[in-house]
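Protein chains in written order, with this note's numbering: chain A, 988 to 1467; chain B, 18 to 191.
For each residue, glycine too, the CB sits at the ideal point set by N, CA and C.
For reference, the structure is listed below as structure tokens.
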């Protein structure tokens, strides 16, 4: 039970009780000291008086050498129970009479007799010398020895009264402090329980009742004010939040609408572009087939260029259609054997890129996903890897996977031309190309498509690369 | 009580005398002086403030030098103490404040008679002294010198004997 951990109620009680007990104790102690001092003084005076009475009555006995009479006078000391010994000495300092009669001789002083009034405390006894005088004539000296039991009896009586008073005061102080401490501990307790309610229930509407205008009252006011301020601020924040949510909802809705419109637009544009292109391609073919022999070399080249660009545009439109279709497409998730998928995709593509690459397909873990979509992802990434490493002497493409953060991470790595990380932002954008069409053909839609598919699968795609040192494309898919 | 003491005394006296006659006289001399402390004389007996306080010895001088040694340079209320010796009853004896009548003095009764009504403390160690209306008598008891007092006689002479002295003395009733 550490004092500083006690509740305030108990602390105050202890403080009051200990303080009052200490004060009482010190008061009693000082009174005791005073008592002892005054008692000793008074007792010395009393004993002198007694000694004077006795010695006055002993003058004749000393003057006329009558020890029996002296003994009789000294015998009267019997009435005083605290007198231990008394002795009468004549003018020469010889023992004349003593009390009690059987008191052993050597305990009364023989040589240190003094003929003047004197007293001393010796081994809890008071010793007094009183000269025996008749008509200014010193006839001898009277020795009186008293114990201090009277004082000890008084002290013990005093101590027991003190103990009783302190005990009673302790009880009274207990009840008094019990009542009085409430004026302090009650408001503090009220404050504490309010603070508890606030911190536990997050209820800022509670208030503490003020009981007085002291420091606690001030604290209560400040506390209540703080609470109301928090409450107001909370309400404001909530209002802001609601507004914000409403705005976000509105914006999301607007955005979705705009997106849909945009997709519908690009779909229809792509679709509508196809019809005239088909005519261009068709009539270009007819022209080449039926009238090719009429054209000279330059004409043939121009026609071939028209046909090639028409084909390219067709491809572009197909890709755009596929990309915009993805927006509406539903993701149908099934267990997929990624290793088999990668192998199949590679087998389809290897002829197209000269069949010269060294391919390393590590075992890939199964994953749940849309098979046609993930096939498109693999196709894009592997064809990119083959395409951009094709110009190497020894193209190497590695496909692998590892586990990370509860998902599977698949990667496709090549030792091709790579890319500059400075342009990383453009990597997954539509129609964004980091390389020239003449060097590497492509529409610039592939990685944007891959990005969109992976995002639809709640996955993530990223890449690492360095110019002329190859690139690695990663995509992670959650394992459900 | 007094008669008992008297009967015991003769037997007791012999060893005391033999052992130390002079010691007994010494004690008597001291006692004579001590009487001045325990008896009050009427104030008018002195002619003036420096008049001497007279201790007279009637008859044989048994004290020798002791009495003079004891009273030397002593006073009673400012009156110097002097010792005077008388061989017979003369007019001067009534000038004494204390008159010791030696036991060998034959006319103790006459001496007391002549001092009747005078404030003179009469002292003796004579056995019959009290019967002659003497005031104070020394006697030996248990080897110690004791005092017998005739309080009525002293009162008649205007002397006031201290109660302390009365307490340690044997009282003689006439």
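Apply the 10 Å Cβ neighbour rule to residue 1020 of chain A and answer buried if 16 or more other Cβ atoms are within range, or exposed otherwise.
-> exposed
Which term fits residue 59 of chain B, buried or exposed, when burial requires 16 or more other beta carbons within 10 angstroms of its beta carbon?
-> exposed
For the alpha helix (DSSP H) that contains residue 108 of chain B, what are its first and last residues?
-> Run containing residue 108 of chain B: none; DSSP gives neither H nor E here.
Beta-carbon of residue 1051 of chain A versus every beta-carbon of chain B: anything under 8 Å?
-> yes
Which residue comes first and which comes last in the alpha helix (DSSP H) that contains residue 1285 of chain A?
-> 1284–1315
Within 10 angstroms of the Cβ of residue 146 of chain B, are there 16 or more other Cβ atoms? Answer buried if so, exposed if not.
-> buried
Taking 8 Å as the CB-CB limit, is residue 1081 of chain A close to chain B?
-> no
For residue 1292 of chain A, which of A:1311, A:1163, A:1272, A:1304 has the nearest alpha-carbon?
-> A:1272
Can you tell me whether DSSP reads residue 1133 of chain A as helix, strand or coil?
-> strand
Stretch-stretch touch, CB-based, cutoff 8 Å, three pairs: the region 1048–1056 of chain A with the region 1020–1034 of chain A | no
The alpha helix (DSSP H) with residue 167 of chain B in it runs from where to where?
-> First-last for residue 167 of chain B: undefined, no H or E at that position.
May I ask which residues mark the beginning and end of the alpha helix (DSSP H) holding residue 1375 of chain A?
-> 1358–1376
Quick one: is residue 24 of chain B near chain A, going by C-beta distance under 8 Å?
-> Note on residue 24 of chain B: pLDDT 36, under 50, position unreliable in the model; the coordinate value appears next. So, not an interface residue.
Can at least three beta-carbon pairs, one atom from the region 1150–1159 of chain A and one from the region 1097–1113 of chain A, be found at a separation below 8 Å?
-> no
Could you tell me which of A:1381, A:1325, A:1395, A:1318 sits nearest to residue 1439 of chain A, measuring between CA atoms?
-> A:1318
With 16 other Cβ atoms within 10 Å as the buried cut-off, status of residue 1219 of chain A = exposed
Is there contact here, the region 121–128 of chain B with the region 72–80 of chain B, by at least three beta-carbon pairs under 8 Å?
-> yes
Tell me whether residue 27 of chain B sits in a helix, a strand or coil according to DSSP, three-state version.
-> Note that residue 27 of chain B has pLDDT 38, beneath the 50 cutoff, so the model's placement of it is unreliable and the number below is only indicative. If DSSP states are grouped into helix, strand and coil, residue 27 of chain B belongs with the helices.
Tell me where the beta strand (DSSP E) around residue 73 of chain B begins and ends.
-> 70–75
Answer with yes or no whether the minimum CB distance from residue 179 of chain B to chain A is below 8 Å.
-> yes
Close Cβ partners of residue 1335 of chain A (< 8 Å) along its chain, the five nearest in sequence each way excluded = 1366
Members of the region 129–147 of chain B that neighbour chain A once the beta carbon cut-off is set at 9 Å = none
Roughly how many whole angstroms lie between the Cα atoms of residue 1088 of chain A and residue 1032 of chain A?
-> 25 Å
Where does residue 1053 of chain A land, buried or exposed, given buried means 16+ other C-beta within 10 angstroms?
-> buried
Is it the case that the CB of residue 177 of chain B approaches a heavy atom of the ligand MN more closely than 7 Å?
-> You won't find the ligand MN in this model; it holds no ligand whatsoever.
Anything in the region 1055–1077 of chain A with a Cβ closer than 8 Å to a Cβ of chain B? List those residues in chain order, please.
-> 1056
Have a look at A:1012, A:1237, A:1131, A:1370 and flag the residue whose alpha-carbon is nearest the alpha-carbon of residue 1147 of chain A.
-> A:1012
Limits of the beta strand (DSSP E) - the one that residue 1321 of chain A falls within = 1321–1323
Which partner residues of residue 1261 of chain A appear in the DSSP bridge assignment?
-> In DSSP, residue 1261 of chain A forms no bridge with anything.
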